[in-house]
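Residue numbers (UniProt numbering): 6 to 265. For each residue, glycine too, the CB sits at the ideal point set by N, CA and C.
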Amino acid sequence: KQYEYIILSRPAPGVGLVTLNRPKALNALCTPLFKELNEALVDLDADDEIGAVVLTGSNRAFAAGADIKEMKDKTYADVYKNRFLENWSEMTALSKPVIAAVSGYALGGGCELALMCDIILASPTAVFGQPEINLGVIPGGGGTQRLARAIGKSRTMELTLTGRNFSAAEAASWGMVSRVVEEGEGKVVEEAVSMAGVIASKGRLAVQAGKEAVNAAYELTLEEGLKTERRIFHGLFATHDQKEGMSAFAEKRKPTWKHS
Ligand code: HXC
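Here it is as structure tokens:
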């Protein structure tokens, strides 16, 4: 498949890398870019060779937001009728983990895109923010909801209502990103690829189950969530990989996953 706005590669066994590639607009997320991104992610999710995916931008910008020039003349009728941005969350239905490697600007929709990923690693140069208030709107790609769940009400309210940017260090101290990866061009992508490689080396069914169970924590009550976790855990006893993983431990050898 030929893409205009993204680059696809396989930098390590089991790892798919999607690089946003609209450098002149700082990876502003225009409709055709998001369409390509969704297509690529669905393909990688369905690919048996792939165990985990990394999503990144450039050193200067992960993504500077939704495309403001594309949005500016839209009417209420346009956005309501065409369900503007609804397709953005398609990627949250993927079963394989997606790791965001963020350098530079991750503003507005760019910050929201990172928040839709399962794990976020940030370079010290990362600049996050929900500046929509400065454009006369509010976040529309999940910013108010996912950010509030990630970093709490007071901070989310402050960021949404003032529109101020926040740093990688702040994002890390608030628990929005896993960690800040030391300075150096492209280091955060290397680290994300290496983490994806580790995940891809595990049994795929257990990884899928782990992602599903953690995500349940964001949808369900504690009681329902614990029940869901246990059900999924029980289900894994029907897999070859559970027998293999536990036998290998008892026999003091490395497991060979069959992903079945
Ligand atoms: C369209 C954008 C863009 C965007 C940057 N560009 N961000 N185009 N939509 N979100 C374009 C600029 O117009 C410019 O094009 C080129 O990219 C380079 O940007 P500059 O502004 O010249 O670069 P710089 O001076 O370094 O400033 C970088 C910046 C600034 C601080 C990131 O570009 C900026 O403030 N961008 C907008 C950030 C923002 O408000 N994001 C939220 C968008 S709203 P030309 O043609 O002039 O070279 C949003 C809504 C979400 O995301 C709701 C649902 C998801």
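Query	Result
Every unbroken alpha helix (DSSP H) within the stretch 129-211, with a cutoff of 4 residues, ordered by chain	148-156, 158-167, 173-178 and 192-205
Span separating the alpha-carbon of Pro16 from that of Gly230	35 Å
Reference Thr24; option with closest CA among Val198, Pro260 and Trp262	Val198
Check: Gly114 C-beta below 7 Å from any heavy atom of the ligand HXC	yes
Any chain C beta carbon closer than 8 Å to Met162	The structure shown has no chain C; it contains just one protein chain.
The stretch 88-106 in contact with the stretch 157-168 per 3-pair CB rule at 8 Å	no
Any alpha helix (DSSP H) of 4 or more consecutive residues that is wholly inside the stretch 24-104	36-51, 73-76 and 81-86
Limits of the unbroken beta strand (DSSP E) element including Ser14	Ile11 to Ala17
From Leu241, Gly141 and Lys216, residue whose alpha carbon lies closest to that of Lys77	Gly141
C-beta atoms of Ala33 and Gly62 nearer than 8 Å	no
Residues sharing a beta bridge with Gly21, DSSP	Val58
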